[in-house]
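Heads up: the sequence lines are chains A and B, in that order. Note that the UniProt record's numbering has the first sequence beginning at 1, numbered continuously upward. Note that the UniProt record's numbering has the second sequence beginning at 1, numbered continuously upward. We put the beta carbon where it would ideally sit given N, CA and C, even for glycine. All figures in this text were calculated on a predicted structure; none of them were measured in a lab.
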Amino acid sequence: MKFKLSVCLLLSFYCSFAQNEKDKITLSFDNLSMKEAVVHIQETTGYRFFYVDDWLDLDPISKNYNQVSILDLLNDLFEDSSINYYIMEGKKVVLTKGSIIYDVLPETFFVLPQKEFQDSIMVAEIDTEDILPILQGQDQELAKNNIGVVKIGKEDKNSAKRFAILTGYAINTKTQRPISDLALLIKGTGKGTTTNAQGFYTIQVPLGIHQIEVSALGIQGEQKKIIVYGDGQLDFELAESFEVLDEVVVEGNRNRNVEQTIGGVLQIEVKEIKTIPLVLGERDIFKVATTLPGVTTAGEGAAGFNVRGGKTDQNLILLDYAVLYNPSHFFGLFSAINPFTSNNVNIYKGNIPAEHGGRLSSVFDIHTKDGNDQKFSGEASIGPVTGNLTLETPVIKDKSSLLVGGRATYSNWILRSLKEESLKDSEASFFDVIAKYNHKINNNNDVKVMGYYSKDAFNITRDSVYSYSNRSFSLQWNHKFNDNSKGALIFANSQYKFDINFDANSVNDFDLKYNIEESLFKFKMKYLVGATHNFDYGFSGKLYQVKPGSIEPLRNESVVDPIFLPREKGLETAVFISDDFKINEKLSINAGFRYSLYAALGKSSQRIYEDDEPKNENTLIETKVFDDNEVIKTYGGAEARLSARYFLTPSLSVKASYNNTYQYVHTLSNNTTASPTDTWKLSDINIKPQRADQFALGFHKNVNDGEYELSIESYYKKFNNILDYKTGADLLLNEAIETTVLQGQGKSYGVELLMRKNNGRLNGWLGYTYSRSLIKFDGTFEEERINGGQFFSSNFDKPHDLSLVTNYKFNRRFSLSANFVYQTGRPVTYPIGNYVYEGKEYTFYSDRNKFRIPDYYRLDVSFNIEGNHKIKKFAHSFWNISIYNVLGRNNPYSVFFVTENGQIKAYKSSIFSIPIPTITYNFKF
Amino acid sequence: MAHKALKNTCWIVFLAITGLVTNSCIESFVPETGIFDDALVIESTITTEVKEQQVFLNRAFRFEEFVPVPEENAKVIVKDDLGDEHSFQETSPGKYTSDVAFGAQPDRSYQLLVTTSDGKEYSSDAVLAPKISPIHGLKANRVVSGEDGMEILVEYDDSQTSTFFRYQFEETYQIIAPDWTGSELRAVAPFVLVVWPLDREERVCYKTDVSNDIIVNRPLETNQNNVLEFQVRFIDRNNYIISHRYSVLVKQLSISEESYRYLKKLDESSGGDDLFSPSQPGFFRGNVRSTNNQDEKVLGFFHVASVSSKRIFFNYSDFFPNEDLPPYVDGCLPFKPPTQSVNGEPTIFEMVANNVVRYHGTDAFGEFIVVPRVCADCTVLGDPNVPEFWEE
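Next up, the structure:
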C-alpha cells in the first residue's frame with residue numbers, strides 16, 4: 001500500500017462542539033473506492049466532506065446502510081482505515097488522518113506542504129506555530145519547540161493499549177540509499193534502537209508525545225516531536241552531515257579509533273569496499289584486510305594470513321561464530337566469504353576479546369547481515385570468473401527474514417570450450433552458498449540461524465582431482481533480560497575436509513582424505529552497570545573431531561598401500577569475563593580474563609618417548625592405549641586480555657595492552673603458505689599447545705574532526721611451542737607426526753602506521769608497517785635444531801610493507817581508485833653448492849631462510865561507474881573496471897630448484913605477471 | 001608414496017580459468033651462487049658382508065664447476081663399540097678401502113672417524129648395525145595396467161613391517177646379437193676382404209648394471225590381508241634388456257631410521273616439487289660433523305647396513321609368449337659401404353679396419369653387405385663370458 005501525499009492541501013477550519021446529527025440515513029453502494037463512496041455519501045446525504053484525496057483508499061468496498069446515524073455510518077466506513085472524522089455544523093465532515101479532532105481545540109491547524117515521501121503511509125506534519133494542542137495537558141512543552149511534529153497512527157478513544165509499535169526506515173537524501181546503524185532514541189524513556197542494514201527499524205513506544213532523536217555517523221542528526229496514537233510508520237530522510245566517505249570506509253565509527261578501549265582492531269565495512277580495484281572481478285574482504293597494517297599474506301594467491309608475525313593457522317576466522325578452516329577458493333586467489341552477504345568484519349590483531357580464544361594471533365569476526373524484513377530485494381554481480389546472486393526476503397514482515405547468497409565459477413564452462421585437448425577434461429570450479437534466517441520473536445528475543453557451504457574442485461594434474469569443502473552452521477538465540485542485561489546462546493558446527501583422487505587408470509590410483517569437524521556451544525552475557533562498567537562473561541565448549549587422513553587404493557591390483565590414521569578427539573572449554581570500565585572521562589580499561597582447558601580424548605594410541613630424547617623410533621618406550629572419551633592429557637591456562645586507553649587530548653589517545661593466548665590445534669604444513677594439503681592436528685601427549693604473549697602500545701589521533709585519522713601502533717609478541725617441521729619431513733599421512741615436527745619459539749615485533757583521509761573527493765589510506773618475525777628451534781639434539789638453534793626469519797618475515805589505497809570521486813557517479821603495494825621479498829632458502837653423493841649430483845642449501853626473493857610491488861587501478869539514482873528504476877547498477885598489476889611486474893611468488901638430468905635448474909614462479917583487466921557488473925534491486 | 005605422482009602443473013589450470021594470462025607462470029632463471037660454502041662430503045655404507053669396506057671423501061663444488069674434488073690423504077678409521085678399529089687406506093684419490101676385509105656385526109655400533117690432511121677432525125654418530133632381515137620373497141610380474149612392462153617385487157613377511165629398508169640391485173641380462181652370422185670380414189691384404197669364420201663368441205653376451213637410484217621403503221601394516229609387496233624395479237616392455245633372459249640380484253639393506261630419513265630427504269631434495277608437499281629445502285645434516293667447528297657444514301652420511309640378497313631369473317617368453325621382442329638398441333639396417341671414398345665417406349676397408357661393421361651378406365655382384373657392429377657383435381654391449389651365477 002503506497003500513498004502519496006502529492007497534493008498539497010491546506011485545510012483550515014474552525015470547529016466548535018456541534019454534534020447534533022440525528023438524521024437516519026439509508027444508502028448502499030457496491031464496489032466503490034473509498035473516495036467514490038465518500039462522494040456518493042456526499043451526494044445522497046448532503047454532508048460535505050473535507051479531505052485529501054490521497055488519504056482515501058482505492059480498494060473497492062461495498063456497504064449497505066439502513067436507517068443508521070451519520071456517526072454509525074462513518075464509524076463503520078472508516079473502521080479499517082486510519083481516517084478519523086469530525087462533524088461540524090452545517091453538515092460538514094472533516095476527515096483527518098489519524099488524529100481525532102477534539103472539540104475543545106480552539107484553533108485551526110494547518111497541514112503543511114509535504115515533501116515527496118516514499119513508502120510512507122500515515123504521516124502528516126504539522127506546523128507547530130499553528131498547532132492545535134491535541135492531547136490536553138501536554139501542550140505547553142510542545143508549543144515551545146519549533147520543531148516538526150509528526151502524528152503516528154490513528155487514535156482510538158476506546159483502546160486500552162499503552163504502547164504502539166513504530167516502524168520505518170531511514171534514507172539518505174543525497175544518495176537515496178538506506179541509512180544503516182542510525183541510532184533512534186525516544187527521549188526520556190530510555191528506549192532506543194538502530195536501523196538495520198537496509199535502514200529499517202522497529203521500536204515500541206508509549207502512546208503520547210515524545211521527542212525522537214536520530215543520529216548516525218556522517219548524517220545530519222534530527223529531532224522530531226511525535227504524537228503517538230497507535231502503531232504507525234515514521235520514515236526519515238536525512239542529509240549527510242559532511243561529505244561521506246562513500247567509498248573507502250574502513251572504520252565505520254568516526255571516533256571509534258581514538259575512543260575504543262582496545263587497540264589493534266580493524267573494521268572493514270563490506271559494503272564500502274566496492275571501489276577497491278579487483279582481481280578477476282571479486283570483491284574481497286580479505287584482500288582489503290591485507291592492505292591494512294599488520295595483516296599480510298605470504299604472496300600473491302597465497303591462502304592464509306599472517307597477522308603480526310603469526311603463522312597462518314593462528315587466525316580464528318569466524319562466520320557468525322562458526323569457524324572457517326579454509327576461507328579461500330582456488331589456492332587463495334578468491335576469498336570464500338561472499339561480500340554481498342557479509343555485514344562487516346572486525347579483525348582483532350592486538351587485544352583479542354576474552355570471549356574468543358583458541359588461536360594465537362587474531363580473530364576475524366565476520367557477521368552475515370540480516371535479511372531485509374520489509375521487502376524482497378537482491379543484489380547480483382557478473383564478473384569474468386564468477387557470478388554472484390544474493391536475495392533477501394521477509395518471511396513474516398517486520399519479524400523474520402531470509403537471506404540466501406550464492407557464488408559460482410563458470411570456469412568449467414570455459415575449460416570445456418577450450419581447444420587445448422589437455423585442458424578440456426580439466427575441472428576447476430568453486431562455489432559457496434550461504435543462508436541466514438533471523439527471527440524476532442519479540443522485543444526481548446531473537447534467533448538467527450546461518451548455514452554455509454563452500455566447495456572447490458580442480459584438477460592438479462590431468463588425472464587427479466583435488467577438492468575441499470567447508471561446511472558451517474550456527475544458531476544464535478539472543479535474549480534481553482532487561483535494559484542492562486543481555487544474553488546469547490550459541491551453537492555452531494564447522495567441518496573442513498579435503499580429498500585427492502588420483503585416477504589415471506593405473507596401479508598408482510588412490511583416494512586420499514582428511515576431515516576435521518568442530519562443534520561449539522557458547523553462552524555469553526552482557527551486563528551494564530551504569531555508564532561505567534560493561535561486563536561480558538560466559539563460557540564455551542568446543543569439541544574437535546579429526547580424521548587425520550586415509551589413503552585407499554582405487555583398484556585391487558594397486559601398489560598403493562592403504563593407510564588409515566586413527567581419529568583424534570579433543571575438548572576445549574573456557575570461561576571468560578571482561579569489563580570495559582570507564583574510570584573517568586579520560587581513562588578507560590578493558591580487563592578480560594579467560595581460562596581455557598583442553599583435554600585430548602580417546603580413543604587413541606599415544607606413543608610415549610623417552611624424556612629429553614629426540615622423538616623417534618629408537619626412543620619410543622611404549623604405546624599407551626586410551627578408551628573412547630578417556631582423557632589422554634589436559635592442558636590449560638589463564639589468559640589475560642588487558643588494555644587501557646587514555647585521552648591525552650580530546651582527539652588524541654594512547655592505548656596499551658597485554659594479552660596472551662593458547663592454541664590447541666596446529667596445522668601441519670610443508671609450505672610457506674597455507675596449502676591445500678595442510679592438515680590440522682590436535683594437541684596430544686607429544687604435541688603441546690602453542691602460546692603467545694603480546695604487548696602493544698599505540699597512539700590514535702583524529703584531525704579536523706575525523707577527516708584525517710592517524711595511528712601508530714607498536715607491538716612485541718612472543719611465541720612458545722610453535723610448530724615447525726624438520727627439513728624434508730613427510731607430514732601427510734604420517735602416524736608418528738611428533739617425530740617429524742619441532743616445537744620452538746618465536747618472536748615478532750613491529751611498528752604500524754596508518755594514515756587515513758576519510759572524506760573529500762580524494763580519500764583512502766596509507767599504511768606502512770615495519771615488522772620482523774623470527775623463529776628459533778634449539779633442541780638438545782642436532783635433529784631438533786634448525787639453523788644451529790639461532791633465531792632466523794620466518795617464512796613471512798617481510799620487514800617493509802607499504803599499502804596505499806586511494807579513491808577519487810569525480811562526481812556522484814564516477815570515481816577512480818588505485819592501490820599500490822610494496823613489500824620486502826620474503827625469505828627463501830638458497831642453494832649454495834653442488835656435491836656428488838653415490839654417483840648423483842645434489843644441491844645443498846643455505847641455512848633456512850637466509851636469503852630473500854626480490855621485493856614485491858604492484859599497482860592496481862579501477863574505474864567505477866554508479867548507475868543513476870532514479871528511485872523508480874528497477875535496479876541500482878554499478879560497474880567496476882579494474883586493471884590488476886598495471887605495471888606488469890613479474891613478482892616472483894616462489895623460487896625453487898630442480899635437478900634435471902643431473903643439472904640444477906632454478907625456477908621462479910609468479911601468478912600474475914601481466915596486467916589483468918576485469919570488468920564487473922553489479923546490480924541491486 | 002603414490003601421491004608424489006602429482007607434479008606441479010596446477011597453474012596450467014589456472015591459466016585456463018582466466019583465459020587471460022598467456023605467459024607461463026613458471027620460468028627458469030640463472031641464480032648466482034651468492035655464498036659458496038665449501039663442505040666435506042662423506043659417502044660410506046658399511047655392511048654385514050665380509051669384504052673390503054669403502055669410504056669415499058669428496059668436496060662440494062660451485063654451480064659453475066662440474067667435477068668434485070676428491071679429499072686426499074685423509075686418515076680414515078671405523079671404530080666399533082668394543083673399541084676395535086678398522087683403518088682404511090686411500091686406494092685411489094678420494095677412495096679409501098679397509099686394510100682388511102670385515103663385516104659389520106648386527107647389534108654392534110660403528111663410528112666413522114676422519115682426519116683430513118689439513119688436520120680437521122670429523123666424526124659420525126655411532127650407528128647400530130641393524131639385525132639381518134632376509135628377503136622374504138622376490139618375484140617378477142608383468143604389469144599390464146598402465147605402462148606395460150615387468151616389475152620386480154619384494155615380498156615381506158609380517159615381522160618386517162615398520163622396518164627401514166634400502167634396496168640396491170644388480171641386473172644382468174643376456175644380449176643376443178640379432179644379425180650374428182658366425183663370420184666376419186678380414187683384410188687379408190690391402191683392399192682385399194674375405195669372409196672369415198669367427199673364432200670367438202660374439203653372439204651371446206651378458207651385461208650387468210648396478211642401480212644408483214635411492215630406493216627405500218618402510219613396509220606398513222595394512223588393514224587388508226594382502227601380502228605386503230614393494231616394487232623395487234620397473235622395466236618397460238620396450239627395454240631391450242628383457243629381450244631374452246634377465247636376472248636381478250636384489251640387495252635388501254636393513255638400515256637405521258636415521259639412514260632411511262636421510263636418504264628419503266636426499267631423494268626428495270633433488271626431485272621436482274611435489275605440488276602438495278613442496279618440501280622446503282634447507283640444509284640438512286647427515287650424521288657426521290666436525291669436532292672442531294660445530295657450525296661447519298658436513299655433507300653425506302655414514303650408513304651401517306645389514307644385507308640380505310636374493311636373485312631371480314626370467315625369460316622374455318615366460319611373460320610375453322609369441323610377442324615381438326623389444327626393439328634392439330640399433331635399427332640394424334644392412335648397407336653396402338663404398339669401396340672408394342666419395343666426399344670423405346669412409347670406405348668398407350676403413351670400416352673393417354676400425355671394427356665398426358660386421359659381415360652381413362654378399363650381393364649378386366659379390367659386394368659385401370654389412371651391418372653396424374653392435375648388431376652382430378654383442379661384445380659391444382656386454383661380456384661374452386657367462387657370469388658365475390648364471391642359470392639357464
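Measure the alpha-carbon distance for A/His439 versus A/Asp724 and round it to whole angstroms. 46 Å
Can you find the residues in the same chain that come closer than 7 Å, C-beta to C-beta, to B/Thr339, ignoring five residues on each side of it along the sequence? Thr347, Ile348
How would you label B/Leu220, buried or exposed, when you count the other beta carbons within 10 angstroms and need 16 or more for buried? exposed
Note the first and the last residue of the continuous alpha helix (DSSP H) segment covering B/Thr362. Run containing B/Thr362: none in the alpha helix (DSSP H); it sits in the beta strand (DSSP E), 357-362.
Cβ pair A/Tyr229, A/Gly153 closer than 9 Å: yes
Under 8 Å Cβ-Cβ, which residues of chain A neighbour B/Asn58? Tyr835, Val836
Could you tell me which chain B residues have their CB closer than 7 Å to the CB of A/Ser506, listed as they occur along the chain? Ser145, Gly146
Report the CB separation of A/Gly309 from A/Ser773 in whole angstroms; it is logged as a contact under 8 Å. 3 Å
Report the residue ranges of all beta strand (DSSP E) runs contained in full by the UniProt domain "TonB-dependent receptor plug" (282-358) of chain A; include only those spanning at least 3 residues, in chain order. 315-319, 342-348
Have a look at the DSSP bridge pairing and note the partners of A/Tyr646. A/Leu587, A/Val654
Since A/Asn616 meets chain B, which of its residues come closer than 7 Å, beta carbon to beta carbon? Glu257
Residues of chain B with CB closer than 8 Å to the CB of A/Gly839, please, in chain order. Asn212
Any beta-carbon of chain B closer than 9 Å to the one on A/Asp561? yes
Whole-number beta carbon distance between A/Phe912 and A/Asn885, since they are thought to touch under 8 Å: 5 Å
Beta-carbon contacts of B/Phe319 that lie in its chain and below 7 Å, excluding the five residues immediately before and after: Arg142, Met150
A/Gly788: contacting residues in chain B (beta-carbon distance under 9 Å): Gln294, Asp295
Is there a Cβ of chain A sitting closer than 9 Å to that of B/Thr116, yes or no? no
In chain A, which residues lie less than 7 Å from B/Gly300 when you measure between Cβ atoms? Tyr837
Which residues in chain A sit within 8 Å of B/Ala39, going by Cβ to Cβ distance? Gly833, Tyr835, Phe844
Sort B/Asn212, B/Ile369, B/Leu112 by Cα distance to B/Gly83 and report the nearest one. B/Leu112
Given that a residue counts as buried once 16 or more other Cβ atoms are within 10 Å of its Cβ, and exposed if not, what is A/Leu73? buried
In the DSSP output, which residue or residues are listed as bridge partners for B/Phe63? The partner list for B/Phe63 (beta bridge, DSSP) is empty, contrary to what the question assumes.
Can a CB atom of chain A be found closer than 9 Å to the CB of B/Pro68? yes
Could you name the residues of chain A that B/Phe61 contacts, counting a contact when the two beta carbons are closer than 9 Å? Gly833, Asn834, Tyr835, Val836
Under a CB-based cut-off of 9 Å, is B/Gln231 close to chain A? yes
Neighbour list for B/Leu113 in chain A, Cβ cutoff strictly below 8 Å: By Cβ distance, chain A contributes nothing, its closest Cβ being about 18 Å from B/Leu113, past 8 Å.
What are the boundary residues of the alpha helix (DSSP H) that B/Asp318 is part of? 316-319
How would you label residue 413 of chain B, buried or exposed, when you count the other beta carbons within 10 angstroms and need 16 or more for buried? Limits of chain B in this structure are 1 at one end and 392 at the other, which puts residue 413 of chain B out of reach.
Please name the residue or residues paired with B/Trp180 in a DSSP beta bridge. The partner list for B/Trp180 (beta bridge, DSSP) is empty, contrary to what the question assumes.
Which residues of chain B have a Cβ atom closer than 8 Å to the Cβ of A/Glu557, listed in chain order? Ser145
Run of the alpha helix (DSSP H) containing A/Gln42, from where it starts to where it stops: 34-45
Would you call the region 607-614 of chain A and the region 571-585 of chain A in contact, with 3 or more CB pairs under 8 Å? no
Do the region 494-514 of chain A and the region 364-373 of chain A make contact, defined as three or more Cβ pairs closer than 8 Å? no
Anticipated Cβ contact below 8 Å, A/Thr409 with A/Phe430, distance rounded: 6 Å
What does A/Thr661 touch in chain B if you count any residue whose Cβ is under 9 Å from its own? Residues of chain B passing the Cβ test: none, with the nearest at roughly 26 Å.
Opening and closing residue of the alpha helix (DSSP H) in which B/Ala140 lies: Looking at the DSSP string, B/Ala140 is not in any alpha helix (DSSP H); the run it does join, the beta strand (DSSP E), is 137-143.
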